[in-house]
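Chain order of the listed sequences is W and V.
Count the first sequence with numbering that gives the first Met the number 0 and you get residues 0 to 247, in order.
Count the second sequence with numbering that gives the first Met the number 0 and you get residues 0 to 336, in order.
Here the structure is laid out as structure tokens; the discussion comes afterwards.
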Amino acid sequence: MANKPRVGIFDFTGCEGCELNQLNFEDQLLDILEHVEIVEWREAMDGRSEELDIAFVEGALSTPDCIKRIHEIRRKTKVLVALGACAVQGGINALKNIRPIEQVREEVYGQDKYLFPTLPALPLSAVVKVDVNVRGCPMTQLEFLKVFTALVMGKAPIEPGNSVCTECKLKDNECVYEKGMICLGPVTRAGCDAQCPTFGQYCTGCRGLVPEPNVEAMQEILVAHGLSMDDARKKLQLFNANQLEGVS
Amino acid sequence: MARFYLEKGKVAAFIAHLQSQKTVYAPHRKGRNAFAFAPVERPEDVVLDYPRTVSSIKKYFLPAREELLSFNLVENTCAQPAVAPLDAVFLGVHSYDVHAVLKLDHNFVAGNPERNYLTRRQGALIVGVGFTPDRFHFSGSVGIPAGDTTGCDLFLHPCEGGYALEALTPGGEGLLAGFPLPAHAAGLPAAAPFHQHIYVPQAKLKDVLAHGYDSEVWEEEAEKCTSCGTCNLVCPTCYCFDVEDAVDITVTRGSRERHWDGCLLRSFTEVAGGEVFREEPADRQRHRVFRKFKYISDETGEPWCVGCGRCTASCTAGISIVSIVNRLVNDYDAVKA
Ligand code: SF4
Ligand code: SF4
Ligand code: SF4
Ligand code: SF4
Numbered sequence: 000m001a002n003k004p005r006v007g008i009f010d011f012t013g014c015e016g017c018e019l020n021q022l023n024f025e026d027q028l029l030d031i032l033e034h035v036e037i038v039e040w041r042e043a044m045d046g047r048s049e050e051l052d053i054a055f056v057e058g059a060l061s062t063p064d065c066i067k068r069i070h071e072i073r074r075k076t077k078v079l080v081a082l083g084a085c086a087v088q089g090g091i092n093a094l095k096n097i098r099p100i101e102q103v104r105e106e107v108y109g110q111d112k113y114l115f116p117t118l119p120a121l122p123l124s125a126v127v128k129v130d131v132n133v134r135g136c137p138m139t140q141l142e143f144l145k146v147f148t149a150l151v152m153g154k155a156p157i158e159p160g161n162s163v164c165t166e167c168k169l170k171d172n173e174c175v176y177e178k179g180m181i182c183l184g185p186v187t188r189a190g191c192d193a194q195c196p197t198f199g200q201y202c203t204g205c206r207g208l209v210p211e212p213n214v215e216a217m218q219e220i221l222v223a224h225g226l227s228m229d230d231a232r233k234k235l236q237l238f239n240a241n242q243l244e245g246v247s
Numbered sequence: 000m001a002r003f004y005l006e007k008g009k010v011a012a013f014i015a016h017l018q019s020q021k022t023v024y025a026p027h028r029k030g031r032n033a034f035a036f037a038p039v040e041r042p043e044d045v046v047l048d049y050p051r052t053v054s055s056i057k058k059y060f061l062p063a064r065e066e067l068l069s070f071n072l073v074e075n076t077c078a079q080p081a082v083a084p085l086d087a088v089f090l091g092v093h094s095y096d097v098h099a100v101l102k103l104d105h106n107f108v109a110g111n112p113e114r115n116y117l118t119r120r121q122g123a124l125i126v127g128v129g130f131t132p133d134r135f136h137f138s139g140s141v142g143i144p145a146g147d148t149t150g151c152d153l154f155l156h157p158c159e160g161g162y163a164l165e166a167l168t169p170g171g172e173g174l175l176a177g178f179p180l181p182a183h184a185a186g187l188p189a190a191a192p193f194h195q196h197i198y199v200p201q202a203k204l205k206d207v208l209a210h211g212y213d214s215e216v217w218e219e220e221a222e223k224c225t226s227c228g229t230c231n232l233v234c235p236t237c238y239c240f241d242v243e244d245a246v247d248i249t250v251t252r253g254s255r256e257r258h259w260d261g262c263l264l265r266s267f268t269e270v271a272g273g274e275v276f277r278e279e280p281a282d283r284q285r286h287r288v289f290r291k292f293k294y295i296s297d298e299t300g301e302p303w304c305v306g307c308g309r310c311t312a313s314c315t316a317g318i319s320i321v322s323i324v325n326r327l328v329n330d331y332d333a334v335k336a
């Protein structure tokens, strides 16, 4: 390929578990690097670039500085890709949003709280236009590879809109509800090949809600399977606190 | 044709005898409380007394995921993978799942014949088995008793101490060659009752559904429904699919995959340009039920639901197709009677 896309990799508030070098890509990482030129990556190199074809951004926005930086990245980038649940939905960080922000600040930083300005944890899309999402906590490798090849080919990646249940059924799995467990698969976006139910775990909803989710129906299902209304809400909030409040 | 007695103690030897002739697919335990068809490795792992499997044997003829094409972007070439007749024995299939395969045969022969499905279907021999209806089965209401042998080559009727093994076709008799069994002289035990019923025949359901098109039941059920699509994906007569191209990481080659999809899913009704042609969950629920009892049924005179109960048993929201249909019947009778 004559002109390799110029790529930058950025991180905000998150555990850095989604960063490319953290993931177990094994042989594929070399193939990935073959197709692009990485020009900006705090983890691995110095320097900044003025123009980018693709920016991969992980982490949620949670400080005034984050907001400034994401605007800078957006300005110089053609395609902005949100990597992982924190960047796409605000992730676990967004749990702090369900309580008053001052209380959260006080609990975490105590009397030093004035040194650490904090904002509700937001998905990138709440502040700038995001072109592509790679979901999951940590991000789903399968989806990253699909998105990556589509972008290298100059095509728009297709974002799955089906539920995790569909992938679970494609694999002929036993539904974990049959074992007396609960699961958020019915309202969670497919794309991970239903990996948790496949290994006998339940889906915690890390890939975010399907488009137009029937949250009330999901809550009723959880309650019918033994959870209190409050616990049902908490299960749904784990990865989707922002979406449940209409922030996305 | 003939009826033999297969005592319980000989079942494993019988399965081994089938294995010596062809690949055998049969129900196995999967997870804690579920069952799934799988190729038989050890005859003693086969479970012949089970309520229902997660998917039906449809998955062997119309795989959940299937490569339709592989392509090479550098050489600009593509190839269809070889598809061969399965030439296998399907052991321990319930009557409703055999009927479901016959319905799919109809769907895939009509119009544009579905090459892959029809090729795989060739040579399949079916050994049916009776079952005790649980609280979800209602195949009796759609004309399929538990002991119905339609479409089977052999059938295992559960009876005292084992099975009355009925040979129904020359293919079935061929499977028995070399496995001597005594004749089964006694009659068959009375069929166990169903616990779910749709009380009206298809001829009337045709009018019932037409009358129920604008029923409130669709909205009421949609309120409980997460649009997860499970009811479609587990249905043995559903055959909708989506097709997706995937390119491998070298960006030189890839494949086109077909996978099951379903009309309850919002994304299924989303087409090019982002238009969603069946936006309301209530409309999608109605569409599913009409696909089972009206659209194809008006042409064939038969329900396109085989009463397996999978959709209802697997719906985490507890939405029951039998309750929906019976509600429509009641509404119809209240007006027309
Ligand atoms: S285990 Fe979860 S994802 Fe799988 S079918 Fe059941 S509810 Fe859906
Ligand atoms: S099954 Fe659910 S929790 Fe597990 S990876 Fe998939 S979306 Fe995340
Ligand atoms: S399985 Fe139940 S909740 Fe899921 S789409 Fe079907 S009716 Fe709705
Ligand atoms: S509609 Fe439900 S009961 Fe009828 S065949 Fe399909 S899954 Fe079975």
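Yeah, the Cβ is synthetic: ideal placement off N, Cα and C, and Gly gets one too.
Identify, in the order they occur along the chain, each residue of the same chain with its Cβ nearer than 6 angstroms to the Cβ of V:R2, setting aside the five sequence neighbours on each side.
-> Taking the second sequence and counting its residues from 1, the one referred to as residue 2 of chain V is at position 3. Only A163, E165 and H183 meet the Cβ criterion.
Kindly say whether V:C230, judged by its beta-carbon, lies nearer than 7 angstroms to any beta-carbon of chain W.
-> As a working note, residue 230 of chain V is residue 231 in the second sequence. So no, V:C230 is outside the interface.
Cβ-based neighbour list, V:K293, same chain, cut-off 7 angstroms, excluding 5 preceding and 5 following | What you label residue 293 of chain V is simply residue 294 of the second sequence in a count that begins at 1. If we look at V:K293 and ignore the five residues flanking it on each side, its Cβ neighbours are K205 and L208.
Contact between the segment 19-30 of chain V and the segment 49-59 of chain V: three or more CB pairs below 8 angstroms?
-> yes
Express the C-alpha separation of V:E222 and V:G228 in angstroms, rounding to a whole number.
-> Counting from 1 along the second sequence, the entry for residue 228 of chain V is found at position 229. Counting from 1 along the second sequence, the entry for residue 222 of chain V is found at position 223. Going from the Cα of V:G228 to the Cα of V:E222 covers about 15 angstroms.
Bridge partner(s) assigned by DSSP for W:E39 | Along the first sequence, one-based indexing puts residue 39 of chain W at 40. Beta-bridge pairing links W:E39 to W:G7.
Rounded separation between W:F55 and W:F9 - CA only | The count along the first sequence starts at 1 and reaches residue 55 of chain W at position 56. The count along the first sequence starts at 1 and reaches residue 9 of chain W at position 10. Spanning the two alpha carbons is a distance of roughly 6 angstroms.
Short check: CB of W:L183 to CB of W:C202, under 7 angstroms?
-> Locating residue 183 of chain W in the first sequence gives position 184, counting from the first residue. Locating residue 202 of chain W in the first sequence gives position 203, counting from the first residue. Going by C-beta atoms, W:L183 is nearer than 7 angstroms to W:C202.
Whole-angstrom C-beta distance between V:N115 and V:E65, which should lie under 8 angstroms | In the second sequence, the residue the question calls residue 65 of chain V occupies position 66. In the second sequence, the residue the question calls residue 115 of chain V occupies position 116. Sure, about 7 angstroms apart at Cβ, within 8 angstroms.
Starting from V:R248, find everything on chain W with Cβ-Cβ shorter than 7 angstroms and list it in chain order.
-> Position 249 of the second sequence holds residue 248 of chain V. First, the amino acid is wrong: residue 248 of chain V is Ile here, not Arg. Per Cβ cutoff of 7 angstroms: Q27, D30, I31, L144 and T148.
So which residues of chain W does V:S254 contact, with C-beta pairs closer than 8 angstroms?
-> Here residue 254 of chain V corresponds to residue number 255 of the second sequence, with the count starting at 1. Those do not exist, as V:S254 stays about 12 angstroms from chain W at its closest Cβ, beyond 8 angstroms.
V:Y4 in three-state terms, based on DSSP | In the second sequence, residue 4 of chain V corresponds to position 5, counting from 1. Note: V:Y4 maps to strand in three-state DSSP.
Contact set for V:Y24: own chain, Cβ-Cβ below 8 angstroms, skip 5 residues either direction | Along the second sequence, read from residue 1 onward, the residue named residue 24 of chain V stands at position 25. Once the five neighbours on either side are set aside, the close Cβ partners of V:Y24 are F36, A37, P38, V39, I56, Y59, A87, V88, F89 and L90.
Where V:R283 falls, given that 16 or more other Cβ within 10 Å makes a residue buried = For the purposes of this step, residue 283 of chain V is taken as the residue at position 284 of the second sequence. That one is buried.
With 16 as the cutoff for other CB atoms within 10 Å, does V:P169 come out buried or exposed?
-> Within the second sequence, residue 169 of chain V is the residue found at index 170, counting from 1. By the 10 Å Cβ count, V:P169 comes out exposed.
Taking the C-alpha atoms as reference points, what is the distance between V:R309 and V:C234?
-> For the purposes of this step, residue 309 of chain V is taken as residue 310 along the second sequence, with counting starting at 1. For the purposes of this step, residue 234 of chain V is taken as residue 235 along the second sequence, with counting starting at 1. Computed Cα separation, rounded: 6 angstroms.
Please name the residue in V:D247, V:V97 and V:F130 whose C-alpha comes closest to that of W:L144.
-> In the first sequence, the residue the question calls residue 144 of chain W occupies position 145. Of V:D247, V:V97 and V:F130, the residue nearest in Cα terms is V:D247.
Interface partners of V:R290 on chain W, CB under 7 angstroms = Along the second sequence, read from residue 1 onward, the residue named residue 290 of chain V stands at position 291. What V:R290 touches in chain W: nothing, since even the nearest Cβ is about 17 angstroms away.
Chain W beta carbons: is any one of them nearer than 7 angstroms to that of V:A33?
-> By one-based count along the second sequence, residue 33 of chain V stands at place 34. Interface residue, yes.
Taking only beta-carbon atoms, is V:V10 less than 7 angstroms away from chain W?
-> Translated into the one-based positions of the second sequence, residue 10 of chain V becomes position 11. With 7 angstroms as the cut-off, V:V10 does not count as an interface residue toward chain W.
Anyone know if the C-beta pair for W:V131 and W:V80 falls short of 7 angstroms?
-> As a working mapping, residue 131 of chain W is identified with position 132 in the first sequence. As a working mapping, residue 80 of chain W is identified with position 81 in the first sequence. Result yes, Cβ atoms of W:V131 and W:V80 sit closer than 7 angstroms.
Could you give the distance in angstroms between the alpha-carbon of W:E219 and the alpha-carbon of V:A316?
-> In the first sequence, the residue the question calls residue 219 of chain W occupies position 220. In the second sequence, the residue the question calls residue 316 of chain V occupies position 317. Distance between the alpha carbons of W:E219 and V:A316 is about 8 angstroms.
Test: V:K223 CB closer than 7 angstroms to a CB of chain W | Taking the first residue of the second sequence as position 1, residue 223 of chain V is located at position 224. Interface residue, yes.
W:I91: beta carbon under 6 angstroms from a heavy atom of ligand 3?
-> Position 92 of the first sequence, counted from the start, is the residue given in the question as residue 91 of chain W. False, no ligand heavy atom lies under 6 angstroms from that Cβ.
Quick one: does V:S69 have its CB under 7 angstroms from some CB of chain W?
-> Position 70 of the second sequence, counted from the first residue, corresponds to residue 69 of chain V. No - not a single Cβ of chain W is within 7 angstroms of the one on V:S69.
Mind checking V:D152: buried by the 16 CB within 10 Å criterion, or exposed?
-> In the second sequence, residue 152 of chain V corresponds to position 153, counting from 1. V:D152 should be labelled buried.
Which residue comes first and which comes last in the alpha helix (DSSP H) that contains V:P157?
-> Locating residue 157 of chain V in the second sequence gives position 158, counting from the first residue. From DSSP, V:P157 is part of no alpha helix (DSSP H) but of the beta strand (DSSP E) over L153 to C158.
Examine chain W for any beta-carbon lying closer than 7 angstroms to the beta-carbon of V:A316, and answer yes or no.
-> Along the second sequence, one-based indexing puts residue 316 of chain V at 317. So, interface residue.
Any heavy atom of ligand 2 closer than 6 angstroms to the Cβ of W:V186?
-> Locating residue 186 of chain W in the first sequence gives position 187, counting from the first residue. No - ligand 2 has no heavy atom lying nearer than 6 angstroms to the Cβ of W:V186.
Could you give the distance in angstroms between the alpha-carbon of W:K95 and the alpha-carbon of V:V216?
-> Within the first sequence, numbered from 1, the residue matching residue 95 of chain W stands at position 96. Within the second sequence, numbered from 1, the residue matching residue 216 of chain V stands at position 217. Their Cα atoms are separated by approximately 40 angstroms.
Touching or not, the segment 213-231 of chain W and the segment 193-201 of chain W, by the rule of three or more beta carbon pairs under 8 angstroms?
-> no
Do you know how far the Cα of W:Q88 is from the Cα of W:E15?
-> Translated into the one-based positions of the first sequence, residue 15 of chain W becomes position 16. Translated into the one-based positions of the first sequence, residue 88 of chain W becomes position 89. Their backbone Cα atoms lie some 15 angstroms apart in a straight line.
Where do the ends of the beta strand (DSSP E) carrying W:N132 lie?
-> As a first step, residue 132 of chain W is located in the first sequence; it is residue number 133 there, counting from the start. Its beta strand (DSSP E) spans residues V131 to V133.
Within-7 angstroms CB hit, W:L221 to chain V = Residue numbering aside, residue 221 of chain W sits at position 222 when the first sequence is read from its first letter. No, W:L221 does not count as interfacial toward chain V.
Give a yes or no on whether the minimum CB-CB distance between W:V151 and chain V is below 7 angstroms.
-> For the purposes of this step, residue 151 of chain W is taken as residue 152 along the first sequence, with counting starting at 1. At least one chain V Cβ lies under 7 angstroms of W:V151.
Which class does V:N115 belong to by DSSP, given the choice of helix, strand or coil?
-> If you number the second sequence from 1, residue 115 of chain V lands on position 116. The answer is helix: DSSP assigns V:N115 an H, G or I state.
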